[in-house]
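Chemist: Heads up, my numbering is the position in the sequence shown plus 145, with the first residue counted as 1.
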Amino acid sequence: MSVISLEHVGYRYPLGREDAVRDVSFQVEQGQVCALLGANGSGKTTICNLIRGFIPRFYRGEPTGLVQLAGRPVEQYDDAELTETVGYSFQNPFTQMSGVKDNVREEIAYALENLGIEREAMAARVDAMIELLHLGDIADANPLELSGGQRQRVAIAAVLVTDPPIVVLDEPTSQLDPQSTEDVFNIIALLKRQGKTVILVEHKIDLVARYSDLVILMEGGRVAMSGPARRVLTDPQVLDHGGQLPEVTRFFLERNKKLGLNDPVPLSVEDAIERYGRKGA
Ligand SMILES: Nc1ncnc2c1ncn2[C@@H]1O[C@H](COP(=O)(O)OP(=O)(O)OP(=O)(O)O)[C@@H](O)[C@H]1O
Ligand SMILES: [Mg+2]
Numbered sequence: 146m147s148v149i150s151l152e153h154v155g156y157r158y159p160l161g162r163e164d165a166v167r168d169v170s171f172q173v174e175q176g177q178v179c180a181l182l183g184a185n186g187s188g189k190t191t192i193c194n195l196i197r198g199f200i201p202r203f204y205r206g207e208p209t210g211l212v213q214l215a216g217r218p219v220e221q222y223d224d225a226e227l228t229e230t231v232g233y234s235f236q237n238p239f240t241q242m243s244g245v246k247d248n249v250r251e252e253i254a255y256a257l258e259n260l261g262i263e264r265e266a267m268a269a270r271v272d273a274m275i276e277l278l279h280l281g282d283i284a285d286a287n288p289l290e291l292s293g294g295q296r297q298r299v300a301i302a303a304v305l306v307t308d309p310p311i312v313v314l315d316e317p318t319s320q321l322d323p324q325s326t327e328d329v330f331n332i333i334a335l336l337k338r339q340g341k342t343v344i345l346v347e348h349k350i351d352l353v354a355r356y357s358d359l360v361i362l363m364e365g366g367r368v369a370m371s372g373p374a375r376r377v378l379t380d381p382q383v384l385d386h387g388g389q390l391p392e393v394t395r396f397f398l399e400r401n402k403k404l405g406l407n408d409p410v411p412l413s414v415e416d417a418i419e420r421y422g423r424k425g426a
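1) Would the beta-carbon of M242 be found less than 7 Å away from any heavy atom of ligand 1?
2) Tell me, please, whether the segment 311-323 touches the segment 243-250 by the rule of three or more beta-carbon pairs shorter than 8 Å.
3) Which same chain residues, not among the five before or five after Q389, have their C-beta less than 6 Å away from its C-beta?
4) With a threshold of 7 Å on Cβ separation, who are the neighbours of R167 within its own chain once the five nearest residues in sequence on each side are excluded?
5) Compare the Cα-Cα distances from V148 to each of G216, A354, L406 and L305 and report the closest residue.
6) Should the segment 269-281 be called in touch with the segment 189-202, which here means at least 3 C-beta pairs below 8 Å?
7) Do V173 and T232 have their beta-carbon atoms positioned less than 8 Å apart in this structure?
8) Of all residues in the structure, which have a C-beta closer than 7 Å to any heavy atom of ligand 2, taken in chain order?
9) For I149, which residues does DSSP report across the bridge?
10) Roughly how many whole angstroms lie between the Cα atoms of L257 and D282?
11) Please state whether DSSP places S325 in a helix, a strand or coil.
12) Enumerate in chain order the residues of its own chain whose CB-to-CB distance from E514 is below 7 Å, with the five nearest sequence positions on each side excluded.
13) Assuming contact is defined by CB atoms lying nearer than 8 Å, are F397 and P381 in contact in what I supplied?
14) Taking 7 Å as the cut-off, is the beta-carbon of A374 closer than that to any non-hydrogen atom of ligand 1?
15) Please name the residue or residues paired with P373 in a DSSP beta bridge.
16) Across the segment 315-335 and the segment 246-265, are there enough close Cβ pairs to call them in contact, namely three or more that are closer than 8 Å?
17) Beta-carbon separation of V306 and P288 under 8 Å?
18) Output the distance between the C-alpha atoms of Q177 and R355, rounded to the nearest integer angstrom.
19) So the beta strand (DSSP E) G183 belongs to, where does it begin and stop?
20) Assuming C179 contacts V343 (C-beta within less than 8 Å), just tell me the rounded distance between them.
21) Could you tell me whether any non-hydrogen atom of ligand 1 is closer than 7 Å to the CB of L160?
22) Could I get the ranges of all uninterrupted alpha helix (DSSP H) runs contained in the segment 376-413, with 4 residues as the minimum, in chain order?
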């Protein structure tokens, strides 16, 4: 059974002039990282909102089709179940801060308060998140006085602290420097090893190629291409649908074209070294 399943899902925001998403179908299995790609306005955040049940609970309107988590329609989950099942870090980390907590440590602990976890266990979990996201220096800072990148890391900590089986990350590295971006991708790899299912909206295509199992490329609210990352992200048609390809992939595709070859196209530098890195290979 798929952990996340969308079947022919469509939705229009109450004030929208056209459908934000149309006939979207895909499945994600447990432990997979699924990247949602596509140009601005193509429907990526809307899909995140559907999976988290914010559509239609918060945004209203009437979605069509079927969104299921672990084989159960999202509309059958109550609010508490959804909170426990899906951790969601918003595209804009400014919206994520509670606004009621004085320091980062409390902000991260906030999500645990309603789960009835005892104080000591709570503190241990918060400490683990502070370490995981390298927040030690700002643990006592006011959440509202942080930089965009710092807020983004606090937001991710606040999502992961409850240990949800499904994690939705909507552009989690948009404000992060290269080192913090690598850190987040290492955390995504860790979540995968823990058996969590991850939905990732991300434009940094070289990293997406390295860390994703599945790719859904959205265009104008529809799924333009989907499938295993290795298949989709080595297909030049991605470029015709507003998507990007990893740099190393573009190089090898061009090389095949120019030299009339049909060599396997690598997805990442590591992949290229593996295949072509030896002398005479
Ligand atoms: N609250 C809203 N009310 C009305 N229309 C909306 C709302 N939010 C998004 N839309 C519309 O729905 C469509 C899909 O938007 P969505 O935010 O899902 O795109 P996206 O792929 O996440 O874009 P971006 O890369 O800019 O974050 C767009 O046409 C957008 O204008
Ligand atoms: Mg978005």
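Ideal placement from N, C-alpha and C gives every residue a C-beta, glycine not left out. Quick caveat, the model's predicted, so the values are computed rather than measured.
Modeler: In short, the structure shows the following:
1) Every heavy atom of ligand 1 is 7 Å or more from the Cβ of M242, so no.
2) Three or more beta-carbon pairs separated by less than 8 Å are not found between the segment 311-323 and the segment 243-250, which leaves the two stretches without contact.
3) I350
4) G155, G366 and R367
5) Closest option to V148, Cα to Cα, is G216.
6) Short answer: they don't touch.
7) For clarity, residue 232 is Gly in the given sequence; the question names Thr instead. No, they are not a contact pair.
8) K189, T190, Q236, D315, E316 and V346
9) V173 and L214
10) 22 Å
11) helix
12) The shown model of the chain, from 146 to 426, leaves out residue 514, and the question about it has no answer.
13) Not in contact: F397 and P381 (Cβ atoms no closer than 8 Å).
14) no
15) Per DSSP, the beta bridge partners of P373 are L359.
16) Output reads no: the segment 246-265 does not touch the segment 315-335.
17) no
18) 13 Å
19) V178 to G183
20) That pair is a contact at about 7 Å.
21) yes
22) 392-404
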